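1 is the number of the first residue of the sequence shown in our numbering; add one for each residue after it. C-beta: ideal position from N, C-alpha, C; glycine also. Since the model is a prediction, treat every value here as computed from it, not as a measurement. Read the structure below first, then the notes.
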Amino acid sequence: MLNVSQCCNYRVKYFAELCRLFSTKTDKLKNNQQIHDLIGPPDPVSNLRPIIFARSAKETYFEKKYINLREETQQWNQEFWIKHNTNFIEERKRFQELSRAQGKKELTADDMSVFYKQFLDKNWQSHFNYNIAWYKRNIKILFYGIAAKISKLKIK
1 MLNVSQCCNY
11 RVKYFAELCR
21 LFSTKTDKLK
31 NNQQIHDLIG
41 PPDPVSNLRP
51 IIFARSAKET
61 YFEKKYINLR
71 EETQQWNQEF
81 WIKHNTNFIE
91 ERKRFQELSR
101 AQGKKELTAD
111 DMSVFYKQFL
121 DKNWQSHFNY
131 NIAWYKRNIK
141 ILFYGIAAKI
151 SKLKIK
């Protein structure tokens, strides 16, 4: 498990790599505006790909709201999965150490399935709450996305 300083150092290096990748993208700018969403490599802990959302110089209220909601949802997802995956790795490590202390030299897939089942059962409510919140967020994003498209048609 990474301690806090290692995690911070790792995050700084990861962010620097993202900036390098995004800044070398050839189709990034058109009249000093990003024309496409930029998608980075997966985060090593959350396994989610960060996105830098394209923005227009003439954004309508609904476009701004749409992009802001997408960014907030991305950050919310990132935080949830970092916490979840860190917890998973810690608990798996404890399970493996406990099994070895009980005399098992090597853990089989069947042995690990016991851990996976226990972990999923213990975190069922958290996953359920996450899914409900995720659906609510995405429905809201969908409505603002539709409103943004309609508002863009009215401008043209």
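> Counting pairs of Cβ atoms below 8 Å between the region 54-68 and the region 138-152, do you hit three or more?
Replying inline: yes
> Residues in its own chain within less than 7 Å of Ala-54 by CB, not counting five upstream and five downstream?
Replying inline: Residue numbering aside, residue 54 sits at position 54 when the sequence shown is read from its first letter. So the qualifying residues of the chain are Gln-34, Ile-35, His-36 and Asp-37.
> What residue range is occupied by the uninterrupted alpha helix (DSSP H) comprising Thr-73?
Replying inline: Along the sequence shown, one-based indexing puts residue 73 at 73. Residues 61-101.
>> With a threshold of 8 Å, are at least 3 pairs of Cβ atoms found where one atom belongs to the region 123-136 and the other to the region 92-112?
In response: No contact exists between the region 123-136 and the region 92-112.
> Does DSSP classify Leu-48 as helix, strand or coil?
Replying inline: Indexing the sequence shown from 1 puts residue 48 at position 48. Correct three-state label for Leu-48: coil.
> Does the Cβ-Cβ distance between Lys-140 and Leu-69 come in under 8 Å?
Replying inline: On the sequence shown, position 140 is the one that residue 140 refers to. On the sequence shown, position 69 is the one that residue 69 refers to. It is a contact, given that the beta carbons lie within the stated cut-off.
> Whose C-beta lies closer than 6 Å to the C-beta of Arg-137 among residues of the same chain, with five residues either side of it excluded?
Replying inline: Numbered from 1 along the sequence shown, position 137 holds the residue referred to as residue 137. Only Thr-73 meet the Cβ criterion.
>> According to DSSP, simplified to helix, strand and coil, what is Ile-39?
In response: Mapped onto the sequence shown, residue 39 falls at position 39. It is a strand residue.
> Based on Cα-Cα distance, which residue from Ser-46, Leu-98 and Tyr-144 lies nearest to Thr-86?
Replying inline: Against the sequence shown, residue 86 aligns to sequence position 86. Of the candidates Ser-46, Leu-98 and Tyr-144, the one whose C-alpha sits nearest the C-alpha of Thr-86 is Ser-46.
> So what does DSSP say about Ala-237, is it helix, strand or coil?
Replying inline: This structure leaves residue 237 out entirely; the chain is present only between 1 and 156.
>> Taking its Cβ as the centre, do 16 or more other Cβ atoms sit within 10 Å of Tyr-144, making it buried, or is it exposed?
In response: Walking along the sequence shown from the start, residue 144 turns up at place 144. Tyr-144 is buried by the Cβ-count criterion.
>> Short of 7 Å in beta carbon distance, which residues of its chain neighbour Asn-123, apart from the five on each side in sequence? Order them along the chain.
In response: The sequence position of residue 123 within the sequence shown is 123, counting from 1. So no residue of the chain qualifies.
> Should Ile-67 be labelled buried (16 or more other beta-carbon atoms within 10 Å of its own) or exposed?
Replying inline: By 1-based counting over the sequence shown, the position of residue 67 is 67. Buried.
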